[in-house]
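Heads up, the thing below is written out as structure tokens.
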Amino acid sequence: MWKLSTRAQAVFDRVFPERQIYHRSGGTVHYISVSPWQQAMLAAGVTAVAGWTVFTSVSYVIGSGNGSFASAEERDVARYKRWVQELRAKDALSRTLLEERTDAFQRATSEFEDRHQTLKVLLDALEGSDDLEVSALRGDDANFLLKASIDEADRRQGLNRARPSGSLERVGVRARIDKLRAEQKEFLDDAEDLAVQRAERARGILKLTAVGTGRIEAQREMGGPVVAMTALSPDEFDTPEEAAFAQRVAHVAARLEEARYYESIIDNLPLAEPVGVPARLTSNYGLRVDPFSKRPAWHNGIDMAAYYKAPIAAAGPGTVTYAGLRSGYGRLVEIDHGHGFKSRYAHLKSISVKKGDKVAIGDTVGLMGSSGRSTGPHLHYEVWFHDKPYDPIDFLKAGRHVHQD
482 MWKLSTRAQA VFDRVFPERQ IYHRSGGTVH YISVSPWQQA MLAAGVTAVA GWTVFTSVSY
542 VIGSGNGSFA SAEERDVARY KRWVQELRAK DALSRTLLEE RTDAFQRATS EFEDRHQTLK
602 VLLDALEGSD DLEVSALRGD DANFLLKASI DEADRRQGLN RARPSGSLER VGVRARIDKL
662 RAEQKEFLDD AEDLAVQRAE RARGILKLTA VGTGRIEAQR EMGGPVVAMT ALSPDEFDTP
722 EEAAFAQRVA HVAARLEEAR YYESIIDNLP LAEPVGVPAR LTSNYGLRVD PFSKRPAWHN
782 GIDMAAYYKA PIAAAGPGTV TYAGLRSGYG RLVEIDHGHG FKSRYAHLKS ISVKKGDKVA
842 IGDTVGLMGS SGRSTGPHLH YEVWFHDKPY DPIDFLKAGR HVHQD
């Protein structure tokens, strides 16, 4: 055994004195003697077992705690990852929706800009008409869609769909688009009505001349359309609405072209008085007694008398195609008014124009005289349409109707 110091031995003996354990059984007493060193070894063993128990328990508790903490942290990380994935998915969806909305607004903007330009052409063709409401082509609404598409893109770029005003603003955009469409339709309706009225008025005036529109249509040379339109197959348009709009515009443009065609004829017809001063009718158009042969003969024009050297005026604008002497007519001026119409001024004292001159309505082309086959100072006046003479009185009546309007 180990040797202890005297002082340590004394402490050791006090803590672990020799002990005897008595045990009585069947009247016999037995005892067991436990030495100090046995007690010390027993105490050391108990202490070691207790220490080991405490150590393992504490280690288990600490280990379990660390595992719980690690598990909670992993759950948080997983949850954050899910949030990030959801946000990325929402961001991708929002960007896709933004692109779709932007493309839709760009298409709408392009469509309305094209419509705007088309309707402007029609408006220019109807210039001077005060019967049309054209608010769809004027003011702030004309450029509204371009700004609307930009505002819509800017609003969605923030990806802030929580604002309640967003839906209201989109409703406002749709409402203004619908309003523009309605105004454009109203404009086309009004334009067609006005074109029809103008064409009917022009037909009525042409009917008064006895030429009528039937003969004019037979000789018609179509010009270019008011609105240039290519093939109008529905397959060539992005939407049925665009195809319907193009068909509508083409229909209105055809109506307007018809009105303009007839009006251009009327603007150049010889409808004014050919004598620049008050004159009297001395011989009508048609069958009459020839003043020289005293026999019935066909008279291709009318005779109008005034004083000698009275001014003779162009009855309508045109180009001088003849200016000189011609058998029977004496001194003659012939003016081409276009569309197959010509006027002739005969028996003049003198001629003040030459071939190729452009004349306006009322311009003096000569002076009244009695040259050629004539019995006295007067104007022999004729109107021709495609090499056929017509009664000038009908043209003068039509001219009075035009001037009254």
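Going by my numbering, the sequence shown opens with residue 482, and the numbers climb by one from there.
All residues carry an ideal CB built from backbone N, CA and C; glycine is no exception.
Status (buried if at least 16 other CB within 10 Å, exposed otherwise) for residue i
i           : result
residue 869 : exposed
residue 751 : buried
residue 523 : exposed
residue 734 : buried
residue 505 : exposed
residue 815 : buried
residue 580 : exposed
residue 863 : buried
residue 447 : Outside the displayed span of the chain (482 to 886) sits residue 447, for which this structure offers no information.
residue 747 : buried
residue 730 : buried
residue 855 : buried
residue 766 : buried
For residue i, the first and last residue of its enclosing alpha helix (DSSP H)
i           : result
residue 768 : Element bounds for residue 768: not the alpha helix (DSSP H) but the beta strand (DSSP E), 767–770.
residue 834 : Where residue 834 is concerned, there is no enclosing alpha helix (DSSP H), given that its DSSP letter is neither H nor E.
residue 494 : 487–496
residue 746 : 721–749
Nearest to residue i (by Cα), restricted to the options the options
i           : options               : result
residue 764 : 829, 872 and 812      : 872
residue 828 : 576, 836 and 813      : 813
residue 867 : 516, 697, 683 and 487 : 697
residue 490 : 517, 501, 746 and 575 : 517
residue 780 : 794, 772 and 768      : 768
Contact check, residue i vs residue j, beta carbons under 8 Å
i           : j           : result
residue 860 : residue 792 : no
residue 749 : residue 819 : yes
residue 497 : residue 521 : yes
residue 738 : residue 683 : no
residue 783 : residue 686 : no
residue 759 : residue 770 : no
residue 865 : residue 839 : no
residue 853 : residue 805 : no
residue 689 : residue 882 : yes
residue 843 : residue 851 : no
Endpoints, beta strand (DSSP E) assigned at residue i
i           : result
residue 863 : 860–866
residue 777 : 777–780
residue 815 : 811–819
residue 762 : 761–764
residue 788 : No beta strand (DSSP E) contains residue 788, which DSSP labels as neither H nor E.
residue 514 : 509–515
residue 822 : 822–827
residue 506 : 500–506
residue 805 : 799–807
residue 845 : 845–849
message: Quick test of the definition: if touching needs 3 or more C-beta pairs under 8 Å, does the region 793–800 touch the region 670–681?
response: Note that the region 793–800 does not touch the region 670–681; fewer than 3 beta-carbon pairs, one per stretch, sit closer than 8 Å.
- request: Specify whether the region 827–844 and the region 656–670 touch according to this definition: at least 3 beta carbon pairs, one from each stretch, less than 8 Å apart.
  value: The region 827–844 and the region 656–670 do not touch, with fewer than 3 CB-CB distances between them shorter than 8 Å.
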